[in-house]
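Since the structure comes first, as structure tokens, the remarks are kept for the end.
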Amino acid sequence: MEHYNMNLNLKVWRQKNCKSKGEFKLYRVENISSEMSFLEMFDVLNEQLIHDGEDPITFDHDCREGICGACSMYINGKPHGPWQANTTCQLHMRAFNDGDTVVVEPWRADAFPVIKDLMVDRSAFDRIIQAGGYISVNTGNAVDGNAIPIPKDDADASFAAAMCIGCGACVAACKNSSAMLFLSAKVSHLALLPQGAPERKSRVMNMVAQMDKEGFGSCTNTGACEATCPKEISITNIARLNKEYLGAGFTSDK
Amino acid sequence: MTWKQVFTSSVGKKLVMGFTGIFLILFLIVHAGLNACIWAGDNGEMFTKGAHFMGSNWVPRILELGLFAGLFLHVIQGLMLEFANRRKRSVGYAVSYGNEGSKWYSRSMGLLGTLILLFLVLHLYHFWLPNRSNQGFLLGEEINLFEKMKLEFSVLWVVIVYVLGCISLGYHLAHGFQSAFRTLGIHNKRYNTLLTSVGYAFSITITLLFAMMPVSFYLGWV
Ligand code: HEM
Ligand code: SF4
Ligand code: FES
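Protein chains in written order, with numbering that gives the first Met the number 0: chain A, 0 to 253; chain B, 0 to 221.
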């Protein structure tokens, strides 16, 4: 595709801190290259704001290569913007045309309070992981990788679930602000492997309990999460999580 | 993990919706099957026999209590979840994700359910209440339900409201049928594909079957 430059109108959510109300502000950026990433376009805007003595826009980012899950912008009505299976940092400006108006909002969920502007607090996800998203192993010599045979399909499904980068787009997309796609990915990738078996029951129970405590909504299987997930985490993981929960709920002895 | 804890977490409440939802689906099959007897072409003879059994035998009458309990649980839990979920996002989006990521009826289960509930109030008022009150709410004399259907379904607005109620039910099931099985943990791709198709087929069949009943009476087909 040929390179082109564009001028854009941006409608960006500005909010001082978690207590203040916040509002949309209009900005104009000019001569944006179609080869820039969306975040680079924001860098240009921020340079401009700093130059004008204004407060630059705060947004989360880290790797800028689609693997860390830090970037989080709700662009024109879709988490991570118009492209499928894509993160905000990997969204490129060729997705837009000269003269477009782009509306940029933070993830909206009470469990993800806005810290400032477009940056939200996603530590709720960390606490869900801490509640059981791990396996306990004694230290010592590393076990040979092939010591435990694992069916290839299970390994593949587990790996696909482990792709989740914890970005929170699933919560942002869901009408219920439910974290079930995230949780189901974190439960599934361990539930599919023998290493996850010993803590299988307590894991799902504790992680669900933590998710509820953090104030996420409950799942109604609408599928908006799957449609927006940058890592294409499948909604069938949610059904697997339900099965894990049902199994643990009915058979756990405590 | 007490039973209470199992069924009051977010996933547990959803399990209640799934179990009661499938229970109500089973009820619909029985209800549609029995009512289809109006088309037997015998001026309601077979239908009246069936209705008489359902109303005068204590086995279906006890099962009826289970039906009300299941429906009550489904409605209360469903509405509570709907309102709780709405409260999880106090500041909404300026631009909504809309139909790009999900089907409108999957996001409207609370609304569709409420429409079904309103329809049910009218429906029970038309048939269940007069019949049971005639019976003294025990096993007394029933009214002629076939004649009662003829009477009620001679009024156009009643027929329209019934058809709209059936359409709400159809959309509720179009999402609910397959969703319920996912809720109960069916995650095998082959089954999910199958259940989605069966779900659509079931929703369309049930909607048409029930909607055709008042229409048939109105047009004088039975
Ligand atoms: C005969 C009538 C009905 C049938 C067959 C039925 C069936 C179902 C089914 C199968 C589900 C899916 C459950 C799941 O996803 O696990 C469902 C969900 C739901 N139903 Fe019904 N339903 C009926 C009436 C109602 C009524 C009267 C209401 C109430 C107001 C209602 C409210 C809801 C809500 C809010 C949900 C979504 C719950 C969730 O996903 O968390 N339903 N229904
Ligand atoms: S499931 Fe997908 S959308 Fe949700 S946190 Fe993981 S990567 Fe992000
Ligand atoms: S900044 Fe790391 S995924 Fe976007």
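Here a beta-carbon is modelled for each residue, glycine too, at the ideal position from N, C-alpha and C.
Neighbourhood of residue i by C-beta distance below 6 angstroms, restricted to the same chain and skipping five residues each side
i	result
Met-204/A	Ala-247
Pro-193/A	Ile-147
Gly-20/B	Gly-175, Ala-179
Thr-195/B	Gln-177
Ser-215/B	Val-221
Ser-251/A	Lys-200
Leu-117/A	Phe-58, Met-72, Pro-105
Leu-240/A	Ser-183, Val-186
Classification of residue i by the beta-carbon crowding that lies within 10 angstroms, buried from 16 upward
i	result
Lys-310/B	Any question about residue 310/B goes unanswered here, given that chain B covers just 0 to 221.
Ser-36/A	buried
Trp-156/B	exposed
Arg-189/B	exposed
Ser-32/B	Before going further, note that residue 32/B is Gly rather than Ser in the sequence given. Per the 10 Å Cβ criterion, exposed.
Gly-52/A	exposed
His-51/B	exposed
Asn-130/B	buried
Gly-222/A	buried
His-2/A	exposed
Leu-218/B	exposed
Thr-7/B	exposed
Cys-17/A	exposed
Lys-242/A	buried
Gly-65/B	exposed
Residue i (DSSP reduced to helix, strand or coil)
i	result
Trp-12/A	strand
Arg-27/A	strand
Val-214/B	helix
Leu-7/A	strand
His-91/A	strand
Val-29/B	helix
Val-170/A	helix
Gln-147/A	Looking at the sequence provided, one finds Ile at residue 147/A rather than Gln. If DSSP states are grouped into helix, strand and coil, Ile-147/A belongs with coil.
Met-118/A	strand
Val-207/A	helix
Leu-55/B	Going by the sequence as given, residue 55/B is Ser instead of Leu. If DSSP states are grouped into helix, strand and coil, Ser-55/B belongs with the helices.
Asp-153/A	helix
Phe-41/A	helix
Ile-66/A	coil
Val-157/B	helix
Asn-34/B	helix
Gln-177/B	helix
Ile-166/B	helix
Arg-106/B	coil
Glu-81/B	helix
His-125/B	helix
Ile-142/B	coil
Tyr-244/A	helix
Ser-233/A	coil
Lys-87/B	coil
His-134/B	Per the sequence shown, the amino acid found at residue 134/B is Gln instead of His. Of the three classes helix, strand and coil, the one that applies to Gln-134/B here is coil, per DSSP.
Pro-55/A	coil
Gln-47/A	helix
One or two residues paired with residue i in a DSSP bridge
i	result
Pro-78/A	Tyr-73/A
Thr-100/A	Asn-8/A
Glu-274/A	Nothing in the structure corresponds to residue 274/A, since chain A is present only between 0 and 253.
Glu-22/A	Arg-13/A
Ser-36/A	His-91/A
Val-113/A	Val-119/A
Ser-177/A	Gly-216/A
Cβ shell of residue i (< 7 angstroms), same chain only, five flanking positions each side left out
i	result
Ile-49/A	Pro-55
Cys-165/B	Thr-206, Phe-209, Ala-210
Asp-120/A	Phe-111, Pro-112, Ile-114
Ala-184/A	Ala-160, Cys-163, Ile-232, Asn-236
Phe-95/A	Met-5, Leu-7, Val-101
Ala-200/B	none
Nonlocal neighbours in the same chain, by C-beta distance under 8 angstroms from residue i, ignoring five residues either side
i	result
Ala-84/A	Cys-228, Pro-229, Lys-230, Glu-231
Val-28/A	Asn-6, Leu-7, Leu-9, Met-40, Val-43, Leu-44, Gln-47
Leu-114/B	Leu-163, Gly-164, Ser-167
Contact belief for residue i with residue j at Cβ below 8 angstroms, rounded distance in angstroms
i	j	result
Gly-216/A	Cys-173/A	7 angstroms
Ala-69/A	Glu-213/A	Their Cβ separation, rounded to whole angstroms, is 19 angstroms, which puts Ala-69/A and Glu-213/A out of contact at 8 angstroms.
Leu-111/B	Ser-167/B	5 angstroms
Ser-101/B	Ala-226/A	7 angstroms
Pro-213/B	Phe-145/B	The Cβ separation is near 13 angstroms, so there is no contact.
Thr-219/A	Met-108/B	6 angstroms
Met-92/A	Ser-9/B	The pair is not a contact, with the Cβ atoms about 39 angstroms apart (cut-off 8 angstroms).
Leu-182/A	Ile-134/A	Going by Cβ atoms, the distance from Leu-182/A to Ile-134/A rounds to 17 angstroms, so no, they are not a contact pair.
Phe-126/B	Lys-147/B	6 angstroms
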